[in-house]
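*Asks:*
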Amino acid sequence: MSKNILNLQYSGANSLLQFINLALKDKIIEKKDLNSLLEIGPGDFPVLSKFKETFNLKHNCSFIDKRKLKNKDFDFICNDFLTYKFSKIFDLILDGHVLHTLKDKEEYTTYLKRVYNLLNKNGYFILETMVLHENMSFDDHELYFDYDKGLLFKNSKQIRVIFSVNEIESLLNQIGFKIIYLYLPKGFKMIPFDGRDNALPRDPDLLRVICQKVI
Ligand SMILES: C[S@@+](CC[C@H](N)C(=O)[O-])C[C@H]1O[C@@H](n2cnc3c(N)ncnc32)[C@H](O)[C@@H]1O
Numbered sequence: 004m005s006k007n008i009l010n011l012q013y014s015g016a017n018s019l020l021q022f023i024n025l026a027l028k029d030k031i032i033e034k035k036d037l038n039s040l041l042e043i044g045p046g047d048f049p050v051l052s053k054f055k056e057t058f059n060l061k062h063n064c065s066f067i068d069k070r071k072l073k074n075k076d077f078d079f080i081c082n083d084f085l086t087y088k089f090s091k092i093f094d095l096i097l098d099g100h101v102l103h104t105l106k107d108k109e110e111y112t113t114y115l116k117r118v119y120n121l122l123n124k125n126g127y128f129i130l131e132t133m134v135l136h137e138n139m140s141f142d143d144h145e146l147y148f149d150y151d152k153g154l155l156f157k158n159s160k161q162i163r164v165i166f167s168v169n170e171i172e173s174l175l176n177q178i179g180f181k182i183i184y185l186y187l188p189k190g191f192k193m194i195p196f197d198g199r200d201n202a203l204p205r206d207p208d209l210l211r212v213i214c215q216k217v218i
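First residue of the sequence shown: 4, per our numbering; consecutive thereafter.
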């Protein structure tokens, strides 16, 4: 690790936006090299659009989502991230809650390799995703978790891929990323399916990672 991350007090960041701001402030992410940004699956509230002033962005920040979204200031690409032919590569790619919505381990790995290949040298990948922990359980009747494959099913339909921190860390390392920050903010839980409002202690944990493509 290039920085002593244990000295950094990130556990208090209660949103992805705040987390990225802290990482910029502490120079975990070097702001000067960031010109082209991509957010995958931003939903209705693209986090990177909040950095318009920080990076003086105008038509230089792309968002890709399967749903149609409109915004006059930024490029929205309504397509599949796994297959879309990009005309440029990026200095920073953000994934807020997309990775765990994929189909299986193969797609998960393909997706992470794609992120790696779409980054410039020294480009950053910021990931916020759900992870397995030993006290996780799915007591809701319609849920079933396949521990061998890391797949969560609801009413027999696969809805999430959930791996442990160690599995994700080793996958990122295998792909070639240098992990510069990896942290499970204490007590942060992710509701694993639509339809429940409050997170429970047995729900998956939330993992935040910043990695870099160094070669
Ligand atoms: C759980 S939502 C997260 C939305 C938002 N980032 C948030 O945190 O609220 C996942 C989003 O990823 C998008 N998505 C999933 N797979 C995708 C893919 N292969 N290509 C593009 N978008 C994808 C979905 O359309 C959806 O909007």
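Beta carbons are placed, not taken as given, at the ideal position from N, Cα and C, and that holds for glycine.
1. Determine the closest residue to Leu37 out of Gly46, Gly44, Leu51 and Asn82, with distance taken between C-alpha atoms.
2. Can you list, in chain order, the residues of its chain whose CB lies under 8 Å from that of Asp107, leaving out five sequence neighbours each side?
3. So the candidates are Leu40, His100, Asp83 and Gln177; which of them puts its Cα closest to the Cα of Leu19?
4. Identify which residue in Ile183, Leu85 and Lys189 has its Cα closest to the Cα of Arg117.
5. Evaluate contact between the region 130-140 and the region 199-208, counting only Cβ atoms and requiring at least three cross-stretch pairs below 8 Å.
6. Assuming the contact rule is C-beta atoms closer than 8 Å, Asn82 and Val217 should be a hit. Round their C-beta distance to whole Å, please.
7. Alpha carbon to alpha carbon, how far is Val134 from Leu174? Give it in angstroms, no decimals.
8. So, with DSSP's three-state summary, where would you put Glu109?
9. Is DSSP giving Glu56 helix, strand or coil here?
10. From what residue to what residue does the beta strand (DSSP E) around Lys181 run?
11. Which residues in the same chain have their Cβ closer than 6 Å to the Cβ of Asn201, if we skip the five residues on either side of it in sequence?
12. Going by DSSP, what residues sit across from Leu154 in a beta bridge?
13. Could you check where the alpha helix (DSSP H) with Ile194 kicks off and where it finishes?
14. Is the separation between the beta-carbon of Ile129 and that of Ile96 shorter than 9 Å?
*Replies:* Inspection of the coordinates gives the following:
1. Leu51
2. Lys152, Leu154, Gln161 and Val164
3. His100
4. Leu85
5. yes
6. Contact doesn't hold; Cβ gap of about 29 Å is too wide.
7. 14 Å
8. helix
9. coil
10. Lys181 to Tyr186
11. none
12. Asp149 and Val164
13. Ile194 -> no alpha helix (DSSP H), and no H or E assigned at all.
14. yes
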